[in-house]
Every structure is written in C-alpha cells, then in structure tokens.
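J.: The sequence shown begins at 14 in our numbering and counts up by one. Encoded as structure tokens, here's the structure I'll be asking about.
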Amino acid sequence: MNPLDIIKKYYREGSDAYRILTIHSRSVADKALAIARMHPELNLDLPFIEEAAMLHDIGIFKCNAPEIDCHGDAPYICHGYLGAELMRAEGFPRHALVCERHTGTGLSLQMIEEQHLPVPHRDMRPVSWEEQIICFADKFYSKTHLDREKQPEKIRKSLSKYGAATLSQFDEWYKLFLG
C-alpha cells in the first residue's frame with residue numbers, strides 16, 4: 014500500500030492542504046519510525062507505522078480549518094474519526110484505528126461526554142504500541158509550523174489545558190519511549 018496514492022484520492026496534488034498534510038505526516042512518520050527503532054524489544058510493525066503515520070490526518074479536509082486550506086463543515090476535533098471512516102471504506106481498518114485514536118493523547122469516553130465533544134461516544138485512546146508511538150510522535154509537529162519540531166516543554170504546556178490525564182499520558186510516553 015502506498016499512502017500517497019490514498020492521499021491523492023482526497024487531496025489535489027499541489028494544493029496547500031496536500032503540501033501541509035504530506036509534510037506534517039512525513040515528519041510524524043520519521044519521528045515514529047525513529048522511536049520504534051529505539052525499541053526492538055517491542056517487535057513493532059515498521060511498515061505499518063510508516064503507512065499509518067502518513068495517513069493519520071487524512072480526514073482534515075472534511076473540517077473547517079481554512080488556515081491549513083481545509084474547507085469542510087466539521088469541527089477540527091472530528092478529523093480523526095472522519096479519517097477513520099475513510100480508511101475503513103478504503104479497506105484499512107487497522108490504519109483507521111490510528112486515525113481515530115491519535116487526537117491529543119487519545120479521547121476517553123469520559124472526556125468526550127464531560128466536554129460534550131462532537132465525536133462518536135466511544136473510547137478513542139491508542140491501544141497498540143504502534144498506535145501509541147504514532148500518537149506520541151504527532152505531538153511534536155504542528156500543521157502551521159512545518160519547519161520545526163516542538164520542544165517537550167511546549168507540548169506539555171499545550172496539553173496541560175486538556176487536563177491532568179492528558180498531560181500524564183504524554184509524560185508516561187516520553188519516559189517510556191525517549192527515556
């Protein structure tokens with residue numbers, strides 16, 4: 014499977030949305046692969062990590078985020094589950110789970126209900142090692158500053174507004190994956 018072939022089905026090559034998505038996704042994939050290679054003891058599926066990291070944000074075009082050339086109707090927080098729907102329709106249910114479970118450090122059912130988030134009411138936290146590594150790697154890159162990796166302190170600051178559990182999950186992953 015070539016992730017770029019799937020991306021090209023939904024994004025016009027040469028558009029800002031295509032450029033932003035592919036640069037961001039390549040950065041996330043490279044970081045996730047580097048982390049995965051640091052942990053041979055986990056026996057990770059490296060080809061899957063690369064593919065899923067390249068496709069984790071495929072649903073952004075369905076969201077209203079004009080600053081990244083996305084002009085859909087849905088709130089941005091919906092991009093994960095909307096991307097998961099696309100990936101399931103494409104026949105990639107395992108990749109769909111990465112799309113659905115990468116938002117923040119994952120969305121618990123409790124968080125979804127308490128914050129009245131406009132997403133399906135189910136637990137959407139990463140489960141497999143591959144899902145967790147991609148979700149973690151994604152925190153280091155934004156779609157508005159494509160040229161640089163975020164520092165952990167900045168990531169922690171931005172995640173802190175989502176509560177102690179979100180911040181705690183990031184810290185746990187940081188210790189586990191990067192020491």
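Think of the CB as a built atom: it goes at the ideal place given N, C-alpha and C, for glycine as much as any other residue. Since we're looking at a predicted model, the values are computed, not measured.
At 4 residues or longer, what runs of the alpha helix (DSSP H) sit wholly inside the segment 19-73?
T.: 29-50, 59-68
J.: Of the choices F74, M124, P133, whose alpha-carbon is the least far from that of S28?
T.: F74
J.: Among the residues of its own chain, which have a CB less than 6 Å from the CB of K152, if the five just before and after it don't count?
T.: If we look at K152 and ignore the five residues flanking it on each side, its Cβ neighbours are I168.
J.: Taking only the alpha-carbon atoms, compute the straight-line gap between R32 and Y89 and give it to the nearest angstrom.
T.: 18 Å
J.: Considering only DSSP beta bridges, list what A87 is partnered with.
T.: C76
J.: Could you pull the start and end residues of the alpha helix (DSSP H) that R107 belongs to?
T.: It spans 106-114 - the alpha helix (DSSP H) in which R107 sits, taken as one unbroken run.
J.: Would you check if the segment 45-56 and the segment 89-107 touch, i.e. whether three or more CB-CB distances between them fall below 8 Å?
T.: no
J.: Taking the Cβ atom as the reference point for each residue, do I146 and A42 lie within a distance shorter than 8 Å?
T.: no
J.: Run the CB neighbour count on L120, radius 10 Å, all protein chains shown included, and call it buried at 16 or more, exposed below.
T.: buried
J.: Looking at the strands, I want to know which residues DSSP matches up with G117.
T.: G119
J.: Can you grab the Cα-Cα spacing for the pair C83 / A30, in whole Å?
T.: Pairing C83 with A30, the inter-Cα distance amounts to about 6 Å.
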